[in-house]
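Remarks on the structure that follows.
Number of protein chains: 2
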Amino acid sequence: MPDRSSHRAEPVHTHPDDVPIETALAALADPVRLQLVRELAGSAAWTHSCGSFRVPVGKAALSHHFAVLRAAGLVEQRDQGPKRLNRLRREEFDTRFPGLLHLVLREEA
Amino acid sequence: MPDRSSHRAEPVHTHPDDVPIETALAALADPVRLQLVRELAGSAAWTHSCGSFRVPVGKAALSHHFAVLRAAGLVEQRDQGPKRLNRLRREEFDTRFPGLLHLVLREEA
Chain A
214 MPDRSSHRAE
224 PVHTHPDDVP
234 IETALAALAD
244 PVRLQLVREL
254 AGSAAWTHSC
264 GSFRVPVGKA
274 ALSHHFAVLR
284 AAGLVEQRDQ
294 GPKRLNRLRR
304 EEFDTRFPGL
314 LHLVLREEA
Chain B
214 MPDRSSHRAE
224 PVHTHPDDVP
234 IETALAALAD
244 PVRLQLVREL
254 AGSAAWTHSC
264 GSFRVPVGKA
274 ALSHHFAVLR
284 AAGLVEQRDQ
294 GPKRLNRLRR
304 EEFDTRFPGL
314 LHLVLREEA
C-alpha cells in the first residue's frame with residue numbers, strides 16, 4: 214500500500230497492454246532511461262529509491278524520465294515514507310513486447 | 214551499381230552492426246518511419262521509390278526520415294535514373310537486433 218503521508222501526488226501508471234509500440238520504443242531510446250531500466254533489472258523489485266540511481270541528471274530531469282518510463286509501462290512506483298520505490302514491470306512488459314527488454318538489457322551501457 | 218547521372222548526393226549508409234540500440238529504437242519510434250518500414254517489408258527489395266510511400270509528409274520531411282532510417286541501418290537506397298529506390302535491410306538488421314523488426318511489423322499501424 215502506498216504511504217499517503219507524502220504530500221507528493223501519487224504516480225500515474227500505464228499498463229503495458231495500453232502502450233503503443235512507438236511509446237515503448239521512444240521510452241527506451243534514451244541513454245539515461247536505458248541506464249535506469251538496466252539498474253532496475255539488476256536489482257530486486259522495490260529496493261531502488263529514485264535517488265539511488267547512478268545517472269548524471271538533476272531531480273527534475275529524473276522525475277521526467279520516470280514519468281516517461283511509467284507512461285511506457287516499464288516502471289511501477291510507490292511511495293514509502295519519504296522514498297519513492299521502483300519496480301521494473303518486466304513480466305507485463307515482456308508479455309506485451311516479447312524480447313524488447315531482453316534486447317536492450319543485453320547491450321552494453 | 215548506382216546511377217551516377219543523378220545530381221543528388223549519393224545516400225550515406227550505416228551498417229546495422231555499427232548502430233547503437235538507442236539509434237535503432239529512436240528511428241523506429243516514429244509513426245511515419247514505422248509506416249515506411251512496414252511498406253518496405255510488404256514489398257520486394259528495390260521496387261519502392263521514395264515518392265511511392267503512403268505517408269502524409271512533404272518531400273523535405275520524407276528525405277529526413279529516410280536519412281534517419283539509413284543511419285539506423287534499416288534502409289538501403291540507390292539511385293536509378295531520376296528515382297531513388299529502397300530496400301529494407303531486414304537480414305542484417307535482424308542479425309544485429311534479433312526480434313526488433315518482427316515486433317514492430319506485427320503491430321497494427
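For the protein sequence lines, the chains are A and B, in the order given.
According to my numbering, the first sequence holds residues 214 to 322 in order.
According to my numbering, the second sequence holds residues 214 to 322 in order.
We put the beta carbon where it would ideally sit given N, CA and C, even for glycine.
By the criterion of Cβ-Cβ separation under 9 angstroms, what are the contact partners of residue i in chain B?
i               : result
V268 of chain A : Within 9 angstroms Cβ-Cβ: nothing; V268 of chain A doesn't reach chain B, min ~14 angstroms.
G312 of chain A : P311, G312, L313, H315, L316
Could you tell me the boundaries of the alpha helix (DSSP H) in which residue i lies?
i               : result
L282 of chain A : 272–284
E320 of chain A : Neither: E320 of chain A is in no alpha helix (DSSP H) and is coded neither H nor E.
D307 of chain B : 303–309
R251 of chain B : 244–254
E289 of chain B : No alpha helix (DSSP H) holds E289 of chain B; the beta strand (DSSP E) holding it covers 288–293.
T236 of chain A : 234–241
Taking the alpha carbon of residue i as the point to measure from, which residue in the options has its own alpha carbon closest?
i               : options                        : result
H261 of chain A : A:E304, A:P311, A:N299, A:G312 : A:N299
V232 of chain B : B:E252, B:R309, B:A258, B:D243 : B:R309
L253 of chain B : B:L301, B:A274, B:D307, B:R297 : B:L301
A240 of chain A : A:A258, A:P295, A:V281, A:S276 : A:V281
L318 of chain A : A:L287, A:R297, A:R283, A:T227 : A:L287
P244 of chain A : A:T227, A:L275, A:R221         : A:L275
G264 of chain A : A:A242, A:V225, A:H226, A:R297 : A:R297
P283 of chain A : A:P295, A:E304, A:P229         : Strictly speaking, residue 283 of chain A in this sequence is Arg, with Pro absent from that position. Ranking the options by Cα distance to R283 of chain A, first place goes to A:P229.
V225 of chain A : A:F279, A:G294, A:R246         : A:F279
Q293 of chain B : B:A237, B:W259, B:T227, B:L247 : B:W259
I234 of chain A : B:A257, B:Q248, B:R291, B:F266 : B:Q248
R246 of chain A : A:A285, A:A222, A:A257         : A:A285
A257 of chain B : B:E289, B:K272, B:A237, B:G312 : B:E289
Report the neighbours of residue i on chain B: residues whose CB is nearer than 7 angstroms to its CB, in chain order.
i               : result
E320 of chain A : I234
Could you check whether the Cβ of residue i sits closer than 8 angstroms to any Cβ belonging to chain C?
i               : result
L238 of chain B : Judged by its chain identifiers, the structure shown contains no chain C, and its protein chains are A and B.
Residues of the stretch 226–247 of chain B whose Cβ lies closer than 9 angstroms to any Cβ of chain A, in chain order: P233, I234, E235, T236, A237, L238, A239, A240, L241, A242, D243, P244, L247
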